[in-house]
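Accompanying notes for the structure given below.
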Amino acid sequence: LKEVGAPVKTIAIHTEANHLKAIKSDVKLLVGETVTGGFGSGGNPNVGERAIMADLDRIMAAIGRPHVLIVTGGLGGGTASGGIAPILSAVRDRFPDVIRIALVSFPFSWEGLGKVNNARYGLSRIMGVADLTIVNLNDILSRKIGYIQVQYAFKYADSLLAAVISDLANLFYMPHVVSISFADFEAVVREAGLGAVGLGVGGRVADAAKTALGNILLDAEIKEADSALVYLQATPNTSLEEAGSATKLLTEDYLLERVYWGFRIAEDLNEPRITIIASGVRSPTLEGLLGISATR
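One rule links them: number in our numbering = place in the sequence shown (from 1) + 61.
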């Protein structure tokens, strides 16, 4: 996030001191030292939750009272699986008007049942307290780019995450030709259940939109989404018809009734870039893993 220059406050929270040192963020919080000694949660969600609760006041002080809180993490270990839900729950209880978004990854199936069960435990609790829970399945990441080197594969996933958060922030901090109001944004994400996100670039706006939908790391049924947000960034010579082609794709091909779109002129881009967020989606994989409907 710091590398892409996202205009948001970033807070890094971890139970492992060495890992925290390598992270670039505005605020760094080593939590649960009395619980873990600064050596991590040992892949135990209960330890992760205890560590978060031990320093919850420090965490809440760092968060403050934002309009939107986005919490990210990789599920499967202890800190994120056990710690994300308590943070979201505390924010909900103290500031119920704050929009709470969780953006998490689900471990590779080959990482073992222990990690998968940790992730299932964490995700089920997160979905109970987040307004919108966006899940990226690492198995889908592997199918899409499993042929490239490990470091670059995870770099791709991290850059996608950073770009999406940066684009969400830019919605409200940058000038736009077509604006998405905060009320529009809230209509998409408030109490919205499961979400999916994709980012795409293409020679034409419609191509970028199709790429964005193809880059979603969840087996989401987009046609069954409750609503969607389309954020287009393109050059000044983009025509009205061209700009509207992404939204047209969702309303006509995917039959979505509620689609909000925004357009920002970006002189530095050679090709149109689109971020699509769909909310209230279904995921057969998550429904199977959680044993319940994963839309709510």
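Even glycine gets a Cβ: it sits at the ideal position worked out from N, Cα and C.
task = Please classify VAL258: does DSSP put it in a helix, a strand, or coil?
result = In the structure shown, VAL258 sits in a strand (DSSP, three-state: E or B).
inquiry  = What does DSSP give as the partner residue(s) for GLN294 in the beta ladder?
reply    = Paired residue(s): ARG325 and ARG334.
message = Taking only three categories from DSSP, how would you classify ARG265?
response = Reduced to three states, the DSSP call for ARG265 is coil.
key: Reference SER170, options ARG181, ALA163 and LYS82, closest by Cα   = The shortest C-alpha separation from SER170 is found at ARG181.
message = Pop quiz: GLU285 and ARG343 are said to be a contact at Cβ under 8 Å. What is the actual Cβ separation, rounded to whole angstroms?
response = The C-beta distance from GLU285 to ARG343 rounds to 5 Å, short enough to meet the 8 Å contact threshold.
query = Taking Cβ positions, are GLY135 and SER102 nearer each other than 8 Å?
reply = It is not a contact, given that the beta carbons lie outside the stated cut-off.
ask   = Taking the Cβ atom as the reference point for each residue, do VAL361 and HIS128 lie within a distance shorter than 8 Å?
value = For the chain, the structure presents residues 62 to 357; residue 361 sits outside this window and is missing.
ask   = From this set, ARG161, ASN179, VAL211 and LEU184, which residue's C-alpha is nearest ASP192's C-alpha?
value = Comparing Cα-Cα distances from ASP192 to each of ARG161, ASN179, VAL211 and LEU184, the minimum goes to ARG161.
ask   = In whole angstroms, what is the alpha-carbon distance linking TYR315 and ILE283?
value = Taking the straight line joining both Cα atoms gives about 7 Å.
inquiry  = Quick check on DSSP: helix, strand or coil for ASN178?
reply    = Here ASN178 sits in helix by DSSP.
Inter-residue Cα distance where the pair is THR346 and LEU202 = Computed Cα separation, rounded: 14 Å.
query = Rounded to the nearest angstrom, how far is the Cβ of GLY144 from that of ILE113, given a contact under 8 Å?
reply = 4 Å between Cβ atoms; contact.
query = What are the residues that DSSP puts in a beta bridge with GLY93?
reply = Beta-bridge pairing by DSSP links GLY93 to no other residue.
message = Bridge partners for GLY101 per DSSP, in chain order?
response = Beta bridge pairing from DSSP links GLY101 with no other residue.
inquiry  = Restricting to Cα atoms, I'd like to know which of VAL258, ALA307, ALA223 and LEU330 is closest to ASN197.
reply    = Selected option, being the one with the closest Cα: VAL258.
request  = Report the rounded CA-to-CA distance for GLY125 versus THR140, giving the unit in angstroms.
outcome  = Cα-Cα distance, rounded: 21 Å.
request  = Report the rounded CA-to-CA distance for ARG357 versus GLY341, giving the unit in angstroms.
outcome  = Low per-residue confidence applies at ARG357: pLDDT is 47, beneath 50, and the placement is therefore not dependable enough to give any value.
message = Nearer than 7 Å: is that true of the beta carbon of PRO147 relative to any heavy atom of the ligand ADP?
response = Inclusion of the ligand ADP in the displayed structure is not the case, the ligand content being empty and no account of it being possible.
task = To the nearest angstrom, report how far apart SER150 and ALA115 are at their CA atoms.
result = Going from the Cα of SER150 to the Cα of ALA115 covers about 15 Å.
ask   = Does the beta-carbon distance from GLY254 to ILE338 come in below 8 Å?
value = Going by C-beta atoms, GLY254 is not nearer than 8 Å to ILE338.
ask   = Distance, Cα to Cα, PRO168 vs GLU348?
value = Roughly 16 Å between the two C-alpha positions.
query = So what's ASP149 in DSSP terms, helix, strand or just coil?
reply = For the sequence presented, residue 149 should be read as Leu rather than Asp. In the structure shown, LEU149 sits in a helix (DSSP, three-state: H, G or I).
query = Since LEU351 sits in a beta bridge, which residues does DSSP pair it with?
reply = In the DSSP output, where bridge partners are listed per residue, LEU351 has none listed.
query = LEU293: which of GLY263, GLU318 and PRO68 sits nearest, CA to CA?
reply = When each option's Cα is compared against that of LEU293, the closest is GLY263.
request  = In the DSSP assignment, find the unbroken alpha helix (DSSP H) run with GLY109 in it and report its ends.
outcome  = Where GLY109 is concerned, the enclosing alpha helix (DSSP H) starts and stops at 106-115.
query = Taking all protein chains shown into account, do 16 or more other C-beta atoms lie within 10 angstroms of the C-beta of ILE209, making it buried, or fewer, making it exposed?
reply = ILE209 should be labelled exposed.
request  = Pull up the distance between the alpha-carbon of GLY189 and that of GLY93, whole angstroms please.
outcome  = Answer to the nearest angstrom: the Cα atoms are 24 Å apart.
ask   = What did DSSP end up calling ARG357 once you bin it into helix, strand or coil?
value = Summary for ARG357: the model assigns pLDDT 47, below 50, so the residue's position carries little reliability; its value from the coordinates is reported in the next sentence. If DSSP states are grouped into helix, strand and coil, ARG357 belongs with coil.
task = Mind checking which residues open and close the beta strand (DSSP E) that includes VAL132?
result = From DSSP, the beta strand (DSSP E) with VAL132 extends over 129-135.
key: Distance, PHE100 Cα to ALA224 Cα   = PHE100 has its alpha-carbon roughly 30 Å from the corresponding atom of ALA224.
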